[in-house]
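First comes the structure, then the notes that go with it.
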Amino acid sequence: MTMRPDAKILEPRREPLTQKNNVTAGVLLMIAATVVFASQDAISRHLAGEYNTFMVIMVRYWFFALFVIALAARAPGGIRATARTDQLGLQIFRGVLLVAEICVAVYAFTVLGLVESVAVFICYPLLVAALSGPVLGEQVGWRRWAAISVGLIGVLIILQPGIGVFDPLAIIPFVSALMFALYGLITRYAARRDSTATSFFWTGVAGMVAMTLVGIWFWEPMSQRDWIWMAILCLTGVTGHWLLIKCYEMAEASAVQPFAYFHLIWAAVLGVVVFGEVIRTNVAIGATIIVAAGLFTLWRERVKG
5 MTMRPDAKIL EPRREPLTQK NNVTAGVLLM IAATVVFASQ DAISRHLAGE YNTFMVIMVR
65 YWFFALFVIA LAARAPGGIR ATARTDQLGL QIFRGVLLVA EICVAVYAFT VLGLVESVAV
125 FICYPLLVAA LSGPVLGEQV GWRRWAAISV GLIGVLIILQ PGIGVFDPLA IIPFVSALMF
185 ALYGLITRYA ARRDSTATSF FWTGVAGMVA MTLVGIWFWE PMSQRDWIWM AILCLTGVTG
245 HWLLIKCYEM AEASAVQPFA YFHLIWAAVL GVVVFGEVIR TNVAIGATII VAAGLFTLWR
305 ERVKG
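Numbering (this note's numbering), first residue to last: 5 to 309.
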């Protein structure tokens, strides 16, 4: 899966851990995770460019579901205890929303490329901050609103809606970011009553079922070489999750979260080197503004915490 390295979104709530002081190790693990996720994006761009997007994501989710089921089976109480929830509808909705977001994101890779898609997508922490008030009732101060506004200006600089003929396809990664922000907020809400393990389990299982119901109708024969890439894609998903879990065990999320923006750097490198994409000036400027606004928002949350 194209999971995003964001602690507050991907890790709803975890039990207190004994190791939370090795910031250096945590930072290195976060950077390694961003390398894995950027590689996953590049492989997804390749496969979705050759085959139907729904089929590619369906196969990925089969492997991801096996991963979360295996984790649940090893947890205390087994699968039954991990899957137990009194907000089943909400958990299923979370899983379906995430897999739908991934479909949109991968489609954006194929029509816009990695560089521009990821440059727009990285505004999602700002969207989370903006929506946390109306959705979760959290207080959003004027400083955070100012950072959100500045970040959205960065998005507009990338999209350039007032210059020439605006390409509506440029909205696709922004829709993906909006969907992921909503997923993050629902995950926070679900975490008030469910454990991280339960939310993670239903993310994989609900997404797999939903994607199978759709993707099975778009099955296409795949070459042997691309099956190898598909296997690598599935393995990177597991590796990325493992790196994130270890990262948040090593250090506090607030300490490692700024390094999640390395995802943009690796994606840009792969986009240019592998796919021959070009980093336009407005994309570089807009992405810089978005990252700066996002880092300021993370800093404000750390200060308030």
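Glycine residues also receive a C-beta, built at the ideal position from the N, C-alpha and C atoms.
query, result
"DSSP on residue 302, reduced to helix/strand/coil?", "helix"
"If you count every other CB in all the chains shown that lies within 10 Å of the CB of residue 203, and 16 or more means buried, which is it?", "buried"
"For residue 189, which residues in the same chain have their Cβ closer than 8 Å to its Cβ, ignoring the five residues on either side in sequence?", "132, 135, 136, 139 and 140"
"Taking DSSP as the reference, what is the three-state secondary structure of residue 5?", "With a pLDDT of only 42 at residue 5, under the threshold of 50, the placement of this residue in the model should not be trusted; the figure read from the coordinates follows. Here residue 5 sits in coil by DSSP."
"Where does residue 314 fall in DSSP's three states?", "As displayed, the chain neither begins before 5 nor continues past 309, which places residue 314 out of reach and without an answer."
"Buried or exposed: residue 330, going by 16 or more other Cβ atoms within 10 Å of its Cβ?", "Residue 330 is absent from the structure shown; the chain starts at 5 and stops at 309."
"What's the gap between the Cα of residue 183 and the Cα of residue 262?", "21 Å"
"Taking the Cβ atom as the reference point for each residue, do residue 108 and residue 176 lie within a distance shorter than 8 Å?", "yes"
"As a quick exercise: from 260, 156 and 101, pick the residue whose alpha carbon is nearest that of residue 211.", "101"
"If we ignore side chains and look at the alpha-carbon of each, how far apart do residue 31 and residue 157 end up?", "29 Å"
"Ordered along the chain, which non-local residues of its own chain (more than five positions away) have a Cβ less than 6 Å from that of residue 76?", "83, 86 and 205"
"Tell me the rounded alpha-carbon separation between residue 147 and residue 185.", "19 Å"
"When the Cα of residue 51 is compared with those of 226, 266 and 302, which residue comes out closest?", "226"
"Work out the CA separation of residue 255 and residue 57 for me, nearest whole Å.", "36 Å"
"Since residue 95 and residue 194 should fall inside the 8 Å C-beta cutoff, what is the C-beta to C-beta distance between them, to a whole number of angstroms?", "6 Å"
"With DSSP collapsed to three states, give me the class of residue 79.", "coil"
"Consult DSSP for residue 57 and reduce its assignment to one of helix, strand or coil.", "helix"
"Kindly provide the ranges of any beta strand (DSSP E) runs that are 3 or more residues long and lie completely inside the segment 181–255, ordered along the chain.", "none"
"Would you call the segment 53–72 and the segment 262–275 in contact, with 3 or more CB pairs under 8 Å?", "no"
"Helix, strand or coil for residue 285, going by three-state DSSP, please let me know.", "helix"
"In terms of residues, what are the limits of the alpha helix (DSSP H) holding residue 175?", "Per DSSP, residue 175 belongs to no alpha helix (DSSP H) and is neither H nor E."
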